[in-house]
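Participant: Supplied in structure tokens, the structure appears directly below.
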Amino acid sequence: MGLKPGEVSTGTTILAGKFKDCIIIGADSRTSMGTYIANRVTDKLTHVVDSIYCCRSGSAADTQAIAAIVKYELDVYATSHNERPTVKVAAKIFKRYLYENKSRLTAGIIVAGWDHQDGFSVYNLPVGGSIHEMNLALGGSGSLFIYGFCEEMYSPEMNREDGLKFIRTALKLAMSSDASSGGMIRTAIIDENGVQRDDVLGSDVKTY
Amino acid sequence: MTSVGTGYDISSSTYSTEGRIYQVEYATQAANSFGTSIGMKVNNGVILGSVSRKISKLLKPASNKCISHVDKHIGIATTGWTADAREILNIARREAENYRSSYKIPPPTTQVVQRLGFYIHAHTLYSSVRPFGVNSIIGGKDDNGYHLHMIEPSGEHWGYRGCVVGKGQKEVKTELERIDLDNIDPTLAVNRMVKMLLKAHRDSEKEEPYHMEISWVTEETNGYHERVPQNIIDDAINQFENEGHEGEGEGADEAQETMEVE
Numbered sequence: 001m002g003l004k005p006g007e008v009s010t011g012t013t014i015l016a017g018k019f020k021d022c023i024i025i026g027a028d029s030r031t032s033m034g035t036y037i038a039n040r041v042t043d044k045l046t047h048v049v050d051s052i053y054c055c056r057s058g059s060a061a062d063t064q065a066i067a068a069i070v071k072y073e074l075d076v077y078a079t080s081h082n083e084r085p086t087v088k089v090a091a092k093i094f095k096r097y098l099y100e101n102k103s104r105l106t107a108g109i110i111v112a113g114w115d116h117q118d119g120f121s122v123y124n125l126p127v128g129g130s131i132h133e134m135n136l137a138l139g140g141s142g143s144l145f146i147y148g149f150c151e152e153m154y155s156p157e158m159n160r161e162d163g164l165k166f167i168r169t170a171l172k173l174a175m176s177s178d179a180s181s182g183g184m185i186r187t188a189i190i191d192e193n194g195v196q197r198d199d200v201l202g203s204d205v206k207t208y
Numbered sequence: 209m210t211s212v213g214t215g216y217d218i219s220s221s222t223y224s225t226e227g228r229i230y231q232v233e234y235a236t237q238a239a240n241s242f243g244t245s246i247g248m249k250v251n252n253g254v255i256l257g258s259v260s261r262k263i264s265k266l267l268k269p270a271s272n273k274c275i276s277h278v279d280k281h282i283g284i285a286t287t288g289w290t291a292d293a294r295e296i297l298n299i300a301r302r303e304a305e306n307y308r309s310s311y312k313i314p315p316p317t318t319q320v321v322q323r324l325g326f327y328i329h330a331h332t333l334y335s336s337v338r339p340f341g342v343n344s345i346i347g348g349k350d351d352n353g354y355h356l357h358m359i360e361p362s363g364e365h366w367g368y369r370g371c372v373v374g375k376g377q378k379e380v381k382t383e384l385e386r387i388d389l390d391n392i393d394p395t396l397a398v399n400r401m402v403k404m405l406l407k408a409h410r411d412s413e414k415e416e417p418y419h420m421e422i423s424w425v426t427e428e429t430n431g432y433h434e435r436v437p438q439n440i441i442d443d444a445i446n447q448f449e450n451e452g453h454e455g456e457g458e459g460a461d462e463a464q465e466t467m468e469v470e
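First to last, the sequence lines map onto chains A and B.
Residues in the first sequence are numbered consecutively from 1, following the working numbering.
Residues in the second sequence are numbered consecutively from 209, following the working numbering.
Okay, here's the thing in structure tokens:
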């Protein structure tokens, strides 16, 4: 169906990668309505539960709603199971909503994080409701411009410094080529001890 | 039962003046008056077993099963009214299926047990329904290991290392308590279980023909719920019969020793 005329979109670049001892997720911060930038400091890295995050792309309204519903479902899961949900379960709940409502939604989501059972995992859930477990997941309109760079430069053996540098460079490249990606670079490093969030101001992002 | 005949025992929605719910107690009695079922959680496995009197010689073999699959990795053994047991089995399968469609992963045993217990308990709250006359022993495997649970007609459910219901309850329970359940291997445990079931049957039904079922979830079955191969059961039965005969005469001590193979 695509976006309605004037619908707010997170025309976006999102990224999530598995590295040696952590997961790093990253996103730009632009939210646009057509050519107008509705928000230039958006946070597209949304906390779901425990050490599980999702990166949102597509309709801002759809992805916010789904993230809220899944967060609620996982809270119920945690209380009824007396156990923390895994990234896998989180991703499959997202997938259920995306697939069962595919005709009405514009939402591409990356679910990534750490859990006690499987350790680090990254799941890509593109528009349509399929699910793909990946080492490195790319999403949003800006991702099209950086597939080549990512395929060439990414390695799951990178340490966290190199990983962070890689994610930031990839986002920078996408933001400079894609009209609907821009603003600042937001990142989150997730490991078994917790989450460390960071950002680079838009004025410090090098453009070409 | 002082309250019997005073009217307090005709509805499960009313307590007696002593605080008892007679309908639930009657259901428990009904459930316990059929065969005997045993559950054992052992080293790397969980085993379900059941023995009951053959209803009729004309019945097709294996037509009234009391051990069934709930899911690939969960099994259930029921004793009590067969029709009630079928209903419980259907609900258990439905709940397992529902869990799968919600979370897209195999349902943990405890989740199925909790949901089933909830359903059975709901049938003790209303005067319009009759409590289930069934005891269910549920065993399965998930990411947290092996699990064994029993649900009573009251809806009460506990996790067990070993449990038994039915006619031979008392004797089997004492014997179960003597087994080192945490360290016994599945195959040996099956051997012990067959003997306990046979003994329970002989104690109450004498030489009546019986129907026995044993199933397990172990490492060898890759975490799936499967029926135990008939030859393992037959071996145990033969052993039991031989030991039984020796028990009458001078071989009694020897027979006693072979039972203590923990």
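Don't be surprised by glycine CBs; every beta carbon is placed ideally from N, CA and C.
These figures come from a predicted structure and were not determined experimentally.
Since lysine 102/A meets chain B, which of its residues come closer than 9 Å, beta carbon to beta carbon?
Facilitator: On the first sequence, position 102 is the one that residue 102/A refers to. Under the 9 Å cutoff, chain B gives no residues; its nearest Cβ is about 16 Å from lysine 102/A.
Participant: If you reduce the DSSP assignment to three classes, tell me which class glutamate 421/B lands in.
Facilitator: For the purposes of this step, residue 421/B is identified with residue 213 of the second sequence, where counting begins at 1. It is a strand residue.
Participant: What is the residue span of the beta strand (DSSP E) that glutamate 413/B lies within?
Facilitator: As a working note, residue 413/B is residue 205 in the second sequence. Not the beta strand (DSSP E): glutamate 413/B falls in the alpha helix (DSSP H), residues 394 to 413.
Participant: Which ranges would you report for the beta strand (DSSP E) in the stretch 292 to 353 of chain B if only whole runs of at least 3 residues count?
Facilitator: Counting whole runs of 3 or more residues, the stretch 292 to 353 of chain B contains the beta strand (DSSP E) stretches 342 to 350.
Participant: Measure the alpha-carbon distance for alanine 304/B versus leucine 297/B and round it to whole angstroms.
Facilitator: For this step, residue 304/B is matched to residue 96 along the second sequence. For this step, residue 297/B is matched to residue 89 along the second sequence. Each residue's alpha carbon lies about 11 Å from the other.
Participant: What first and last residue would you give for the beta strand (DSSP E) that runs through methionine 248/B?
Facilitator: Counting from 1 along the second sequence, the entry for residue 248/B is found at position 40. 244 to 250 is the span of the beta strand (DSSP E), which, as asked, contains methionine 248/B.
Participant: Answer with yes or no whether the minimum CB distance from tyrosine 307/B to chain A is below 8 Å.
Facilitator: Counting from 1 along the second sequence, the entry for residue 307/B is found at position 99. It does not: the Cβ of tyrosine 307/B has no partner Cβ on chain A nearer than 8 Å.
Participant: Report the residues of the stretch 227 to 256 of chain B with a CB closer than 7 Å to any CB of chain A, ordered along the chain.
Facilitator: Within the stretch 227 to 256 of chain B, no residue qualifies.
Participant: In whole angstroms, give me the CA-to-CA distance for serine 103/A and glycine 140/A.
Facilitator: Position 103 of the first sequence holds residue 103/A. Position 140 of the first sequence holds residue 140/A. Roughly 19 Å separates the two Cα atoms.
Participant: Would you mind working out which of Tyr234/B, Ala238/B, Gly243/B and Ile218/B sits nearest glutamate 413/B, comparing C-alpha positions?
Facilitator: The count along the second sequence starts at 1 and reaches residue 413/B at position 205. Looking at the Cα atoms, Gly243/B is the closest of the given residues.
Participant: For the stretch 311 to 324 of chain B, enumerate the residues whose C-beta is nearer than 9 Å to any C-beta of chain E, in chain order.
Facilitator: Reference to chain E is not applicable here, since the protein chains of this structure are A and B.
Participant: Is the CB of histidine 132/A under 8 Å away from at least one CB in chain B?
Facilitator: For the purposes of this step, residue 132/A is taken as residue 132 along the first sequence, with counting starting at 1. No, its Cβ sits nowhere closer than 8 Å to a Cβ of chain B.
Participant: How many angstroms separate the CA atom of lysine 44/A from the CA atom of aspartate 62/A?
Facilitator: Translated into positions along the first sequence, residue 44/A becomes position 44. Translated into positions along the first sequence, residue 62/A becomes position 62. Near 13 Å, if we compare the C-alpha coordinates of aspartate 62/A and lysine 44/A.
Participant: Do the stretch 374 to 385 of chain B and the stretch 344 to 356 of chain B touch if we need at least three Cβ pairs shorter than 8 Å?
Facilitator: These segments do not touch.
Participant: With DSSP run on the structure shown, which of helix, strand or coil describes isoleucine 69/A?
Facilitator: In the first sequence, residue 69/A corresponds to position 69, counting from 1. Three-state DSSP puts isoleucine 69/A in a helix.
Participant: I'd like to confirm the pairing. Which residues does DSSP put opposite serine 155/A in its beta bridges?
Facilitator: Against the first sequence, residue 155/A aligns to sequence position 155. DSSP output for serine 155/A lists no bridge partner at all.
Participant: With aspartate 292/B and glycine 341/B assumed to form a contact (beta carbons below 8 Å), what rounded beta-carbon distance in angstroms separates them?
Facilitator: Working through the second sequence from its first residue, we reach residue 292/B at position 84. Working through the second sequence from its first residue, we reach residue 341/B at position 133. Right, their Cβ atoms sit about 5 Å apart.
Participant: Within this structure, are the beta carbons of lysine 349/B and valine 425/B separated by less than 8 Å?
Facilitator: Stepping through the second sequence from its first residue, residue 349/B is reached at position 141. Stepping through the second sequence from its first residue, residue 425/B is reached at position 217. Cβ distance < 8 Å, so lysine 349/B and valine 425/B count as in contact.
Participant: Pull up the distance between the alpha-carbon of lysine 249/B and that of aspartate 390/B, whole angstroms please.
Facilitator: Indexing the second sequence from 1 puts residue 249/B at position 41. Indexing the second sequence from 1 puts residue 390/B at position 182. Answer to the nearest angstrom: the Cα atoms are 7 Å apart.
Participant: Taking 8 Å as the CB-CB limit, is valine 89/A close to chain B?
Facilitator: For the purposes of this step, residue 89/A is taken as the residue at position 89 of the first sequence. Chain B contact via Cβ: present.
Participant: Based on Cα-Cα distance, which residue from Val76/A, Arg30/A and Cys22/A lies nearest to valine 48/A?
Facilitator: Locating residue 48/A in the first sequence gives position 48, counting from the first residue. Minimum Cα distance to valine 48/A is reached at Val76/A.
Participant: Please return the same chain residues whose Cβ sits closer than 7 Å to the Cβ of threonine 86/A, not counting the five positions on each side in sequence.
Facilitator: Counted from its first residue, the first sequence places residue 86/A at position 86. Within the same chain, threonine 86/A has close Cβ partners Asp115, Gln117 and Asp118.
Participant: I'd like to know whether the C-beta of aspartate 351/B is nearer than 8 Å to at least one C-beta of chain A.
Facilitator: Against the second sequence, residue 351/B aligns to sequence position 143. Yes, aspartate 351/B lies at the interface with chain A (some Cβ there is under 8 Å from its Cβ).
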